[in-house]
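S.K.: Per the working numbering, residue 410 is the first one in the sequence shown, and the count goes up by one each step.
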Amino acid sequence: MKHSGSSLLLGALAASAATLLDAATLQVGPGQPYAKPCAAIAAASNGDTILIDAAGNYAGDVCAWSKNGLSLIGVNGRPHIDAAGQSAQGKAIWVIAGNDTLIDNIELSGCQVPDQNGAGIRQEGANLTVRRAYFHDNENGILAGNNAASTITIEYSEFAHNGYGDGYSHNLYINHVAALVFRWNWSHDAVVGHLLKTRALRNEILYNRLTGEAGATASYELSMPSGGLSFVIGNFIEQPSTSQNGAVLDYLSEPATANPDTRLFVVNNTFVNDRGNGTFLQIGSAVTTPALARNNIFHGPGTLSSRADTVLDHNLSGVDPLFVDAAHYDYRLVAGSPAIDVGVAPGNGAGESLTPLFVYLHPTASGVRIQSGAIDIGAWEWTSDLIFANGFE
Numbered sequence: 410m411k412h413s414g415s416s417l418l419l420g421a422l423a424a425s426a427a428t429l430l431d432a433a434t435l436q437v438g439p440g441q442p443y444a445k446p447c448a449a450i451a452a453a454s455n456g457d458t459i460l461i462d463a464a465g466n467y468a469g470d471v472c473a474w475s476k477n478g479l480s481l482i483g484v485n486g487r488p489h490i491d492a493a494g495q496s497a498q499g500k501a502i503w504v505i506a507g508n509d510t511l512i513d514n515i516e517l518s519g520c521q522v523p524d525q526n527g528a529g530i531r532q533e534g535a536n537l538t539v540r541r542a543y544f545h546d547n548e549n550g551i552l553a554g555n556n557a558a559s560t561i562t563i564e565y566s567e568f569a570h571n572g573y574g575d576g577y578s579h580n581l582y583i584n585h586v587a588a589l590v591f592r593w594n595w596s597h598d599a600v601v602g603h604l605l606k607t608r609a610l611r612n613e614i615l616y617n618r619l620t621g622e623a624g625a626t627a628s629y630e631l632s633m634p635s636g637g638l639s640f641v642i643g644n645f646i647e648q649p650s651t652s653q654n655g656a657v658l659d660y661l662s663e664p665a666t667a668n669p670d671t672r673l674f675v676v677n678n679t680f681v682n683d684r685g686n687g688t689f690l691q692i693g694s695a696v697t698t699p700a701l702a703r704n705n706i707f708h709g710p711g712t713l714s715s716r717a718d719t720v721l722d723h724n725l726s727g728v729d730p731l732f733v734d735a736a737h738y739d740y741r742l743v744a745g746s747p748a749i750d751v752g753v754a755p756g757n758g759a760g761e762s763l764t765p766l767f768v769y770l771h772p773t774a775s776g777v778r779i780q781s782g783a784i785d786i787g788a789w790e791w792t793s794d795l796i797f798a799n800g801f802e
């Protein structure tokens, strides 16, 4: 049977409208119908919204669910759910088997489990969006299992002090999913593990602050051990002197798990190595298309790339970039920086624009990247009218 495009569209709109009409909003917190988030989750139906008041005490309130389309949103501040020695299914504070989940403005901490893989969120369903969240002192911040139908989007969020200390648990660990979109986040101080580890088929790592920070024990700052079509654009990435591993960005280090596409584009980032030695771009031998590194600052000692065929184009290394306040991780440029107006048009990669459109503003905020003259090298454009407040606007 042949269907017209208009009838299919009308059917989809009708189904969407019906879902919206059926959706309910459930209130959680002191004096609300539900005292704890998990009670509201148990009562919710597909597509419902759960508003969690920050005034509540939710320690030890852990659960798992398979309902689809739930939105869990913190209100009146950011509600905090500490595991307090509990876990759902021995896995996490929240184990999400449902699809199309939104988590907004929630703090999840303290999950520890017998297999040392306890997470703030264990994602098992398809499609997760996390915004304005804070994951800390778990064995993993977010641990996402294999799901070829899943896109995971994480924005404006902070990850800190996650990891058991064995090198197998991380601030974030995203397994084989269709896509990871990671932007305007701050990941720092992982315990031995990585600041971000992803095996996604497609990775968009855009405008983040990935900083190991002084005294920390994190290993890789950014690890993509299975490769994947990967865009690393507009980030600032710092390796501390105490890092467990000399490589800053790791790509396709585990060829046995390789994704079909092994193209890597590293454009307009600021890399800082505070370690005595190392490698900025550690790229596996199984990569068949040379990686592109364009308009990046590579500051500090170390080899720029482990692969001689990496296309190194208009990068800055071996000279002082003149940062605003490197001791406090403000790597924006000051007047007279050799990185100003000397970049090249980023161009396209895999048929997509590589031009950075935004910048990271601390903490976990975004701004528009305004270009004057030729593009500057690094994660920010220098302008003469910045107003500094403790390093950032």
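Beta carbons are placed, not taken as given, at the ideal position from N, Cα and C, and that holds for glycine.
All values derive from a computational prediction rather than experimental measurement.
Pick helix, strand or coil for GLY782, following the three-state DSSP scheme.
M.R.: Reduced to three states, the DSSP call for GLY782 is coil.
S.K.: Report the rounded CA-to-CA distance for GLY621 versus SER652, giving the unit in angstroms.
M.R.: In a straight line, the C-alpha of GLY621 is about 7 angstroms away from that of SER652.
S.K.: Rounded to the nearest angstrom, how far is the Cβ of LEU619 from that of LEU604, given a contact under 8 angstroms?
M.R.: Indeed, because the Cβ distance is near 5 angstroms, the residues count as touching under 8 angstroms.
S.K.: Tell whether a beta-carbon distance below 7 angstroms holds between ASP750 and GLY711.
M.R.: Contact: no.
S.K.: Nearest-angstrom Cα distance between ALA497 and ASN686?
M.R.: Roughly 42 angstroms between the two C-alpha positions.
S.K.: Would you list the residues sitting across from GLY574 in a DSSP beta bridge?
M.R.: DSSP output for GLY574 lists no bridge partner at all.
S.K.: Assuming the contact rule is C-beta atoms closer than 8 angstroms, ILE692 and TYR660 should be a hit. Round their C-beta distance to whole Å, please.
M.R.: Right, their Cβ atoms sit about 5 angstroms apart.
S.K.: Have a look at TYR577, ASN571, VAL586 and flag the residue whose alpha-carbon is nearest the alpha-carbon of ASN556.
M.R.: Taking only the C-alpha atoms, the option nearest ASN556 is VAL586.
S.K.: Since ASN682 contacts VAL641 with CB under 8 angstroms, what's their CB separation in whole angstroms?
M.R.: Contact flag wrong, Cβ pair sits at about 16 angstroms.
S.K.: Kindly give me the distance between the Cβ atoms of ASN536 and LEU610, rounded to whole angstroms, as I take these residues to be in contact under 8 angstroms.
M.R.: With 8 angstroms as the limit, ASN536 and LEU610 do not qualify as a contact, their Cβ atoms being about 14 angstroms apart.
S.K.: From SER793 to ASN677, what does the alpha carbon distance come to, in whole angstroms?
M.R.: In a straight line, the C-alpha of SER793 is about 20 angstroms away from that of ASN677.
S.K.: Rounded to the nearest angstrom, what separates ILE515 and GLY574 at their Cα positions?
M.R.: The alpha-carbon atoms of ILE515 and GLY574 are separated by roughly 25 angstroms.
S.K.: What separation, rounded to the nearest whole angstrom, lies between the Cα atoms of TYR769 and TYR616?
M.R.: Near 5 angstroms, if we compare the C-alpha coordinates of TYR616 and TYR769.
S.K.: How would you write the range of the alpha helix (DSSP H) that CYS447 sits in, first residue to last?
M.R.: CYS447 -> alpha helix (DSSP H) spans 446-452.
S.K.: Which whole runs of the beta strand (DSSP E) in the segment 639-727 are 3 residues long or more, in chain order?
M.R.: Within the segment 639-727, the complete beta strand (DSSP E) runs of at least 3 residues are 645-648, 656-660, 673-676, 679-682, 688-692, 701-703, 706-708, 712-714, 720-722.
S.K.: HIS489 bridges to which residues according to DSSP?
M.R.: GLU516, per the DSSP bridge assignment.
S.K.: Tell me the rounded alpha-carbon separation between VAL437 and VAL728.
M.R.: Those two C-alpha atoms are separated by around 55 angstroms.
S.K.: On the criterion of 16 or more Cβ atoms from any shown chain inside 10 Å, does ALA736 qualify as buried, or is it exposed?
M.R.: The residue is exposed, with fewer than 16 neighbouring Cβ atoms inside 10 Å.
S.K.: How long is the line joining the alpha carbons of ASN612 and ILE512, rounded to whole angstroms?
M.R.: If I take the Cα positions, the gap works out to 20 angstroms.
S.K.: Measuring straight from C-alpha to C-alpha, what distance separates SER635 and GLY624?
M.R.: In a straight line, the C-alpha of SER635 is about 29 angstroms away from that of GLY624.
S.K.: In three-state terms, what does DSSP make of HIS737?
M.R.: Correct three-state label for HIS737: helix.
S.K.: Using the Cα positions of TYR565 and TRP595, report the straight-line distance between them to the nearest angstrom.
M.R.: Each residue's alpha carbon lies about 8 angstroms from the other.
S.K.: Helix, strand or coil: how does DSSP classify GLU630 here?
M.R.: Coil.
S.K.: Start and end of the beta strand (DSSP E) containing GLU548?
M.R.: Element bounds for GLU548: n/a, residue is neither H nor E.
S.K.: For the putative contact between LEU725 and PHE732, defined by C-beta atoms under 8 angstroms, what is the C-beta separation to the nearest angstrom?
M.R.: Contact flag wrong, Cβ pair sits at about 12 angstroms.
S.K.: Grab me the residues of THR562's own chain with a C-beta within less than 6 angstroms of its C-beta, minus the 5 sequence neighbours each way, in chain order.
M.R.: Only THR538, VAL590 meet the Cβ criterion.
S.K.: Going by DSSP in three states, ASP462 sits in which element: helix, strand or coil?
M.R.: Reduced to three states, the DSSP call for ASP462 is strand.
S.K.: Between which residues of its own chain and THR697 is the CB-CB distance below 8 angstroms, once the five residues before and five after are set aside?
M.R.: Excluding positions up to five away in sequence, the list reads THR671.
S.K.: Please identify the residue among GLU647, GLY550, ILE482 whose C-alpha is closest to the C-alpha of GLU567.
M.R.: That would be GLY550, whose Cα lies nearest to the Cα of GLU567.
S.K.: Between the Cα of ALA506 and the Cα atoms of TRP474, GLY655, ASP785, which residue gives the shortest distance?
M.R.: When only C-alpha atoms are compared, the closest one is TRP474.
S.K.: Report all residues from its chain with a CB closer than 8 angstroms to the CB of LYS445; omit the five preceding and five following residues, and keep chain order.
M.R.: Correct list, in chain order: VAL437, GLY465, TYR467, ASP470.
S.K.: Please say whether ILE784 and ALA748 have beta carbons closer to each other than 7 angstroms?
M.R.: Going by C-beta atoms, ALA748 is not nearer than 7 angstroms to ILE784.
S.K.: Residues bridged to TRP595 by DSSP?
M.R.: Its beta-bridge partners are GLU567, ARG618.
S.K.: On the DSSP bridge list, what partners appear for VAL777?
M.R.: DSSP lists PHE767 as partners of VAL777.
S.K.: Between the Cα of TRP503 and the Cα atoms of PRO523, ARG541, ALA553, SER454, which residue gives the shortest distance?
M.R.: Answer by Cα proximity: ALA553.
S.K.: Is it buried or exposed for ALA421, if we count other Cβ within 10 angstroms and need 16 for buried?
M.R.: Confidence is the limiting factor: at ALA421 the pLDDT is only 46, short of 50, which leaves the residue's position unreliable and the question unanswerable from this model.
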